[in-house]
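Below you'll find the structure, written out as structure tokens, and then a few comments.
In the UniProt record's numbering, the protein residues as written are 1 to 283.
Now the structure itself:
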């Protein structure tokens, strides 16, 4: 039976740092090594272990080769799994319960992967998910962690990501032929609804709130049926909807911030789940 050379996890950690920070100098600071030590590590990885060129060098800039891009995906998975093994075996005492609050928007898009990985690492922790609008979640004080959408400039807590709101509609929907333009939006307390309406009014486009609901799945069902257009974060786009915009006469919409809020009584369990949430939203 043939055997393969093993890859030291420290080599993978340094490789990922170079990919994330765009060069050997910054990566050396991150992994707490000298630049020459980092160069020697990557020379060993390229020449002795994999026998493949992983980097394209352009002056002081470093880019990954196609082989390097392949390795990057595997390296992230290997390091993540290694961390989960140590967490599971070294910290079996991690038990308890965590209450998370999140809008309906993020439950299907982000939480499945996050909670799946967390459950693998900490199978004895009970996670309780509460779905509500961002405005309602901000008023609650019984949650350990809350994921909310905020307007840029009003962020509180830890920024998870920023991304634009976009108009979404069914393939057959033609906004130019619809006046007043039918909208499917969250209920009136949602500030993104105000963004959409204000943008349409600024362009003097007649519209009407044809459908409203606190449920994202309900709004997407209406939009998918070709009954209305909706405005949502770009990452929430589903396969049966398309993004429409200025080429079809609709105004551009601003970016929104997704932030993580922590409760007053943090525990090791809550801290650990917060780490998984941050990683999951930034992936």
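The C-beta atom is built at its ideal place from N, Cα and C for all residues, glycine as well.
Since this is a predicted model, take the numbers as computed values, not measurements.
Residue nearest to residue 217 within the set 112, 106 and 95 is 106 (criterion: CA-CA distance). The stretch 157-175 makes contact with the stretch 247-255, as at least three CB pairs between them are under 8 Å. The three-state secondary structure of residue 15, taken from DSSP, is helix. Shortest Cα-Cα distance from residue 224 to any of 210, 209, 236 and 241 involves 241.
Each of 42, 102 and 152 was checked against the Cα of residue 257, and the nearest Cα belongs to 152. Scanning 220, 209 and 205 for the CA closest to the CA of residue 193 turns up 209. Taking one beta carbon from each stretch, the stretch 111-130 and the stretch 93-102 have 3 or more pairs nearer than 8 Å; the two touch.
Scanning 104, 139, 268 and 28 for the CA closest to the CA of residue 130 turns up 104. Pairing residue 212 with residue 144, the inter-Cα distance amounts to about 29 Å. Nearest in C-alpha terms to residue 43, of all of 205, 55 and 221, is 55. Judged by DSSP secondary structure, residue 37 falls within the alpha helix (DSSP H) whose first and last residues are 35-43. In the three-state reduction of the DSSP assignment, residue 55 falls in the strand class, which pools E and B.
Rounded to whole angstroms, the gap between the alpha carbons of residue 64 and residue 34 is 21 Å. Around the Cβ of residue 134, a 10 Å sphere holds 16 or more other Cβ atoms; the residue is buried. Here the alpha carbon of residue 29 sits roughly 16 Å from the alpha carbon of residue 12. Closest by C-alpha distance to residue 9, out of 21, 26, 81 and 66, is 81. DSSP, read as helix, strand or coil, puts residue 181 in strand. Going by DSSP, residue 101 is part of the beta strand (DSSP E) stretching over 96-102. A Cβ-Cβ distance of about 7 Å is found for the pair residue 156 and residue 261, placing them in contact under the 8 Å criterion. Using a 10 angstroms sphere on the CB of residue 150, the tally of other CB atoms reaches 16 or more, which defines it as buried. Per the coordinates, the alpha-carbon of residue 282 lies some 34 Å from the alpha-carbon of residue 201. Boundaries for residue 229: no beta strand (DSSP E) harbours it, and the DSSP string shows neither H nor E there.
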